[in-house]
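Remarks on the structure that follows.
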Ligand SMILES: Nc1ncnc2c1ncn2[C@@H]1O[C@H](COP(=O)(O)OP(=O)(O)OP(=O)(O)O)[C@@H](O)[C@H]1O
Ligand SMILES: [Mg+2]
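Residue numbers (our numbering): 103 to 879.
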């Protein structure tokens, strides 16, 4: 210390703990210790209110003595004083200047010290200047990074001119260790003090930098834990996904195994495996995956190589066919031929059999029986109402809800690639804008192509060549032409009364008894009873409604037996009405009276032959021709032709020549609600017209069929056998039919032929003379 400037003063000592006051610093101090309070009291007495503030070396010392107190401290002035409850005093002090204790006088009640005060040099040497600048710089920087000091402080610091003061103010703002602060306080030389502070600041900043780095590291650490948590969660999600993948792997492996076992053709297998691969790559829940699964399901379920062994024993097959059906000789023979050829050559490429006949003649059931006789699986597919190519051939997989076509569906159902496949009702297919189903069927039925049948859904070729296709139709003319070309038609026309009774006796009764749980000996239906059922309760070509009537009898009988009324029942022609009620049809028309203008024709419809009445009447009018009864175009034209014919023959027929000027003509064909068509009613309409205009009645027991030309020639018509059977059913004895149909008469069972009189006609004259009552016949 510079002894030149020393000035010794005495004042009370306030020992400080944990705090240090620099000159120029204004601070609140809470004072509690007795000696300290006394020191303040003492200080307050003097005018200057000066007190010496010196820091204890150890904060915990309660009663410090000389050695416990730092020598260098600050002379301060008490600015304010506030007594707090509990004896504590809060004082506001302002540091004045540095001083050093030279004498320590520990008198009661406070410590009195003599201090030596030092005047501070205000010289600004360039070195001091440089130090000052450096300090301000550093302080600014420090404030920036520490963020604990307000920027205004920096402003006030930069305006300080006195170097010592600058150092002290800066030191008071820093968070330094107390010992360091003490060091600054002890640095009386301004230059040294500035330098010391610069060093301290630098060090402090270094520490702060480190702190920052550590903080960063801590934050990073925290971020890392957070990241780990996040990743772990993600991993869980992935794991979950992987688990699902495991299901998927199992599924895919299962599929691969199935494909291996399925004995698929090479191409199909390749395709299937490719699909599995595709499935493997897809997310499990997408719709596309379901599509692929369905597809594989189909491919695996198809009988690509599975087939049953044919029974090729012709005798045994014949036995089975005969067992199941009565009659049907031609159809059975054709099937047996097929078997024989099949036995000789494995590669059978014959035309497809088509069973044509009216309803209920056993077409469907015969096909089933064929399957049984060959020991093949049987599938039936009805083509009735099919009007979309896709129904046969399937939809492409790109369609929503796509499915294979019916052929493939049938094969899956058959579980064998060589079933008997019945395509029922080929004549009931229709065509619309969605494509022609018959063209798809062509490919199915053509033996040259069907070994590579391709379904739109399955996509791979399926070999249909081992399938035995049988088709059925009610009428031949409705079968699409190109299909017809590939078929061999077997006609199953209606049964005669005799056949029906036999079929009932041998098959239908047995079947119905079984179905209704009645024992053989409990019910006996006599032959005459059956004949009455055929004649009076049914009118059909087949035997379906006959079977139904027998079923009705069986049910009634079963009820009686269960009720305990009877043990067994004999159904005879006499008591049949008890079971079936009053007859629905009158057998025979002969007893009806001959009538004017009512002619009996014969029609051939999808349900077989039928008796048709044609009525004609003349009304006063102007020659208009009205036709009713839901007649088709061909039939209407035929009516026009017969009208013209009758007009051209008025003289010969004894009809007034001007009848067409005075009369309207009305031709009606009941039953009015049923559509009718075809030319075969021509001569019937002409007869009815001739009768009504000439007033001659027509014989009721005569029926007729034939097309008429304008000149009265009678042309041949179709369905002769069916028509004759229908006439026979109706009890008609005499039929007029075109001479050119003579050959067809041979098809008529002899039992029917014997009972009927067939008159072959070439011209309308013969018709009229045969039909009108006062004719030559
Ligand atoms: N010749 C027959 N022998 C024994 N049963 C027969 C005979 N003909 C038909 N049936 C029986 O008549 C019933 C009807 O035959 P099915 O259903 O096969 O007729 P369909 O010709 O297919 O008729 P649709 O054209 O209406 O389909 C069946 O129960 C069948 O067993
Ligand atoms: Mg059928």
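C-beta: ideal position from N, C-alpha, C; glycine also.
- Between the C-alpha atoms of residue 177 and residue 117 there is a straight-line separation of about 12 Å.
- In the three-state DSSP reduction, residue 394 falls in the helix class (H, G or I).
- Counting the other CB atoms within 10 Å of its CB gives residue 130 a total below 16, which places it among the exposed residues.
- Taking 3 residues as the minimum length, the beta strand (DSSP E) runs contained wholly in the segment 813-850 are 836-840, in order along the chain.
- In the three-state reduction of the DSSP assignment, residue 706 falls in the strand class, which pools E and B.
- In the three-state DSSP reduction, residue 563 falls in the strand class (E or B).
- Residue 179 and residue 161 have their alpha carbons spaced roughly 23 Å apart.
- For the pair residue 184 and residue 193, the Cα-to-Cα distance works out to about 6 Å.
- DSSP places residue 210 in the coil class of the three-state scheme, outside both helix and strand.
- Counting the other CB atoms within 10 Å of its CB gives residue 471 a total of 16 or more, which places it among the buried residues.
- Look at the beta carbons and you see the segment 436-449 not touching the segment 389-408: under three pairs across the two are nearer than 8 Å.
- Under the three-state reduction of DSSP output, residue 778 falls in the strand class.
- Bounds of the alpha helix (DSSP H) holding residue 587 are 583-587.
- By alpha-carbon distance to residue 211, the top candidate from 144, 410 and 752 is 144.
- In the structure shown, residue 791 adopts helical secondary structure according to DSSP, grouped into three states.
- Looking at the backbone, the Cα of residue 532 and that of residue 577 are separated by about 14 Å.
- Rounded to the nearest whole angstrom, the CA to CA distance from residue 790 to residue 768 is 11 Å.
- In this structure, residue 566 and residue 405 do not form a Cβ contact; the two beta carbons are roughly 11 Å apart against a cut-off of 8 Å.
- A distance criterion of 6 Å places the beta-carbon of residue 397 beyond contact range of ligand 1, judged by its closest non-hydrogen atom.
- Residue pairing for residue 480: DSSP places it in a beta bridge opposite 522.
- With a cutoff of 6 Å, residue 467 counts as near ligand 1, since its C-beta is closer than that to a heavy atom of the ligand.
- Under the three-state reduction of DSSP output, residue 672 falls in the strand class.
- According to the DSSP assignment, residue 630 belongs to the alpha helix (DSSP H) that extends over 629-634.
- Under the 10 Å beta carbon count, residue 828 is surrounded by 16 or more other beta carbons and is classified as buried.
- Around the beta carbon of residue 552, 16 or more other beta carbons sit within 10 angstroms, so the residue counts as buried.
- For residue 222, the three-state secondary structure derived from DSSP is coil.
- Taken atom to atom, the span from the alpha-carbon of residue 389 to that of residue 560 is near 18 Å.
- Under the three-state reduction of DSSP, residue 512 is assigned to helix.
- A direct Cα-to-Cα measurement between residue 354 and residue 403 gives close to 17 Å.
- Residue range 859-863 is occupied by the beta strand (DSSP E) that includes residue 860.
- A residue is called buried when at least 16 other Cβ atoms come within 10 angstroms of its Cβ; residue 664 does not meet this threshold and is exposed.
- Short note on residue 462: C-beta closer than 6 Å to some heavy atom of ligand 1.
- Residue 711 sits away from residue 463, with the two beta carbons spaced by 7 Å or more.
- A buried status is given to residue 157, since no fewer than 16 other beta-carbon atoms sit within 10 Å of its beta-carbon.
- One alpha carbon belongs to residue 764, the other to residue 687, and they sit about 40 Å apart.
- Proximity of the segment 734-750 to the segment 837-845 falls short of the contact definition, fewer than three beta-carbon pairs being nearer than 8 Å.
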